[in-house]
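> Numbering-wise (the working numbering), the sequence shown opens with residue 492 and increments by one. By construction, the Cβ of each residue, glycine as well, lies at the ideal position given by its N, Cα and C atoms. Please read all numbers here as calculations on a predicted model, not as lab measurements. One structure, as C-alpha cells, below. Some questions next.
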Amino acid sequence: MGRTVPAGGGVKAAAPAPDQAAPQAAARPAARPRWWRELLYILAFYSIYTAIRNTQGSASVSVAHAFRNARSVIGLERTLALFHEQAVQHFFLGQGWRPFLSFWDVFYGTAHFVVTAAALIWMFRAFPRRYPLWRNTLAVTTALALIGFATFPLMPPRLLETVDPRYHFVDTLRAVGGLWSFDSGAMQKVSNQYAAMPSLHFAWALWSTCVILPAVRSNWRRALAIAYPGLTLFAIVVTANHYVIDAVGGAVALGVGFLLGSALTAVLDRRSRRRRGGGRAAGEVRVPPAAAGPAPGPVSPRPAWEAGPAPSPAPSSASSPASCSRARG
C-alpha cells in the first residue's frame with residue numbers, strides 16, 4: 492500500500508499577524524476635524540493676531556518712522572518703474588465715478604474677510620484631507636505678516652499728504668465713503684494703520700485662489716478664482732491703502748507660509764498617525780512573539796528509544812497536481 496499525500500503538499504500558509512493590520516489602519520485618512528474645535532482655534536488665533544497687530548493702535552508707532560519707510564518703498568518702486576498708484580487713483584477720481592470708487596471701498600472692507608472665510612469653510616466641508624494644509628498655511632502666513640508689521644511699520648499712501656503735501660493721494664474711505672473709515676477716533680485707537688507691509692489683503696486673496704482653483708471645473712468659476720487677486724490688487728491701490736510692493740510682500744509671505752505650513756502639517760500628521768496606530772508611525776510593523784511563532788531551524792534528532800523505521804522519501808512526482816489529488820498504491 493502506498494501513502495496518501497495531502498493536497499497542497501501538506502504545507503499551510505501562515506496566517507498574517509494581527510498587528511500587521513495596524514499600518515493599514517494608520518494609513519487611512521484622518522477623520523474630519525471637529526467643526527466646533529476648528530472654530531475655537533480660528534477665533535482664538537484671530538483674536539491674538541488682532542490684539543498683537545493693534546497693540547495701542549497707531550499711536551504706538553512713530554509717525555516719522557512709518558513715513559521714512561514709506562519713502563523707502565516709493566524710492567524702490569520708482570527704481571523698478573512700479574510707482575503708478577497715484578496716477579491710477581487720480582484717473583478714476585477725475586472721472587467723477589463716485590459709485591465706482593465707493594464699490595471698491597466696500598470691496599476693500601468686506602471681501603478680505605468674507606471670501607477667505609467662505610473658502611476656509613468650503614475646504615473644511617468638501618475637502619477635509621486638504622483642509623489642514625491650507626488652514627496651517629493661512630495661519631503661518633498671517634503670523635509672518637505680524638512680524639512684518641512689527642519690524643517695518645509703513646505709512647499707507649492715503650496718509651502721506653498729512654506729513655508731506657507733495658503727495659496727493661486721497662483717502663477714499665473718508666472722501667467718497669464706504670462701510671467705515673479710519674478717520675474716526677475709535678477706529679484709530681483699535682487699529683494699526685501702519686500695518687501695511689506685507690498686504691494681508693493680497694496674501695489672503697492669493698491664498699483663496701490657491702484653495703479654490705484646483706477644485707472647480709466650470710470656466711466662469713475658474714475665471715473668478717484667477718481674477719480675484721487682481722481685483723484685490725486694484726482695490727488696495729485705487730483706495731490708496733497699499734503700495735504695489737505691499738502686494739509683492741504678501742505673495743512672498745504666502746509662499747514662505749506654504750512651505751512652513753507644509754512642514755507643520757507633516758509633523759502634526761505623523762503625531763496623529765502614531766496616536767491612531769497605538770504609538771507607532773505609519774509603516775512600522777511589530778509582530779508579537781505569539782504571532783511570529785518559533786524561528787525555523789534544524790529538527791532535533793529523536794532519542795533512540797523513540798526512533799522508528801525511517802519514512803520512505805516522497806516520490807518526486809508527489810508535487811505534481813495529479814499526485815496531490817489522489818492516493819498512490
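Using a threshold of 8 Å, state whether the C-beta atoms of HIS692 and ILE727 are closer than that.
Result yes, Cβ atoms of HIS692 and ILE727 sit closer than 8 Å.
> Can you list, in chain order, the residues of its chain with a C-beta nearer than 8 Å to that of LEU592? Leave out the 5 residues immediately preceding and following it.
Once the five neighbours on either side are set aside, the close Cβ partners of LEU592 are PHE583, LEU584, THR663, VAL667, VAL729, THR730.
> Go ahead and pull the three-state DSSP assignment for HIS575.
In the structure shown, HIS575 sits in coil (DSSP, three-state: anything other than H, G, I, E or B).
> Answer yes or no: do GLY746 and LEU635 have a C-beta to C-beta separation smaller than 8 Å?
Not in contact: GLY746 and LEU635 (Cβ atoms no closer than 8 Å).
> Buried or exposed, going by whether 16 or more other CB atoms sit within 10 Å of the CB of ALA595?
Reading off the sequence shown, one finds Trp at residue 595, where the question assumed Ala. Flag for TRP595 reads buried.
> If you reduce the DSSP assignment to three classes, tell me which class GLY587 lands in.
Reduced to three states, the DSSP call for GLY587 is coil.
> Would you mind giving the Cβ-Cβ distance between ALA759 and PRO623, rounded to the nearest angstrom? I have them listed as a contact below 8 Å.
The identity of residue 759 in the sequence shown is Leu, whereas the question assumes Ala. Sure, about 7 Å apart at Cβ, within 8 Å.
> Starting from the C-beta of LEU755, find all residues in its chain whose C-beta is less than 6 Å away, skip the five residues before and the five after it, and write them out in chain order.
Counting only Cβ-Cβ distances below 6 Å, and skipping sequence neighbours, we find ASN627.
> Check SER563 in the structure and name its three-state DSSP category.
Here SER563 sits in helix by DSSP.
> Counting along the chain, where does the alpha helix (DSSP H) carrying PHE640 start and finish?
PHE640 -> alpha helix (DSSP H) spans 622-642.
> Quick check on the DSSP output: the alpha helix (DSSP H) that includes LEU664 runs from which residue to which?
LEU664 -> alpha helix (DSSP H) spans 663-666.
> Nearest-angstrom Cα distance between VAL552 and ARG616?
In a straight line, the C-alpha of VAL552 is about 41 Å away from that of ARG616.
> Quick check on this structure: which residue in ARG562, PRO648, LEU611, ASP737 has the alpha carbon closest to the alpha carbon of ALA578?
If we check each option's Cα against that of ALA578, PRO648 comes out closest.
> DSSP three-state label for GLN580, please.
Note: GLN580 maps to helix in three-state DSSP.
> Mapping DSSP to helix, strand and coil, what is THR730?
Here THR730 sits in coil by DSSP.
> Is the beta carbon of LEU645 sitting closer than 8 Å to the one on VAL743?
No, the pair does not count as a contact, with Cβ atoms beyond the cut-off.
> Give the secondary structure of ASP655 by DSSP, where H, G and I count as helix, E and B as strand, and everything else as coil.
Note: ASP655 maps to coil in three-state DSSP.
> Throw me the rounded Cβ distance for the PHE725 and MET688 pair, which I believe falls under 8 Å.
Not quite, the Cβ-Cβ distance comes to about 19 Å (not below 8 Å), so this is no contact.
> Consult DSSP for PHE660 and reduce its assignment to one of helix, strand or coil.
Coil.
> Kindly give me the distance between the Cβ atoms of LEU567 and ILE736, rounded to whole angstroms, as I take these residues to be in contact under 8 Å.
Contact holds; Cβ gap of about 6 Å.
> Please name the residue, chosen from ASP655, ARG665, PHE604, ALA610, that lies closest to PRO707 on a Cα-to-Cα basis.
The sequence as given places Val at residue 707; Pro does not occur at that position. Closest by alpha carbon: ALA610.
> When you compare each of THR632, GLY752, ALA694, ARG761 to HIS733 by their alpha carbons, which one comes out closest?
Nearest C-alpha to HIS733: ALA694.
> DSSP on GLN515, reduced to helix/strand/coil?
Here GLN515 scores only 44 on pLDDT, less than 50, and its place in the model should not be relied on; the value that follows carries that caveat. Here GLN515 sits in helix by DSSP.
> What residue ranges within the segment 684-763 form continuous alpha helix (DSSP H) runs of no fewer than 4 residues, ordered along the chain?
Counting whole runs of 4 or more residues, the segment 684-763 contains the alpha helix (DSSP H) stretches 691-703, 710-729.
> Got a sec? Which residues, its chain only, sit under 7 Å from ALA557 by beta carbon, not counting five neighbours each side?
Cβ within range, chain order: PRO644, LEU645, MET646, TYR685.
> Are THR607 and SER699 close, meaning C-beta to C-beta below 8 Å?
In contact: THR607 and SER699 (Cβ atoms closer than 8 Å).
> Given a cut-off of 8 Å, decide if GLN580 and VAL661 are closer than it, judged by their beta-carbon atoms.
Result yes, Cβ atoms of VAL661 and GLN580 sit closer than 8 Å.
> Helix, strand or coil, according to DSSP, for GLY768 in the structure here?
Coil.
> Assign HIS575 to buried or exposed, taking buried as 16 or more other Cβ atoms, counted over all protein chains shown, within 10 Å of its Cβ.
So HIS575 counts as exposed.
> Please list, in chain order, all residues of the same chain as LEU603 whose beta carbon is under 7 Å from its beta carbon, the five residues on each side excluded.
Note on identity: in this sequence residue 603 is His, with Leu being the wrong assignment. Counting only Cβ-Cβ distances below 7 Å, and skipping sequence neighbours, we find HIS692, TRP695.
> If the criterion is Cβ atoms closer than 8 Å, does the pair LEU471 and GLY752 meet it?
Outside the shown range of the chain, which is 492 to 820, sits residue 471, and nothing can be said about it.
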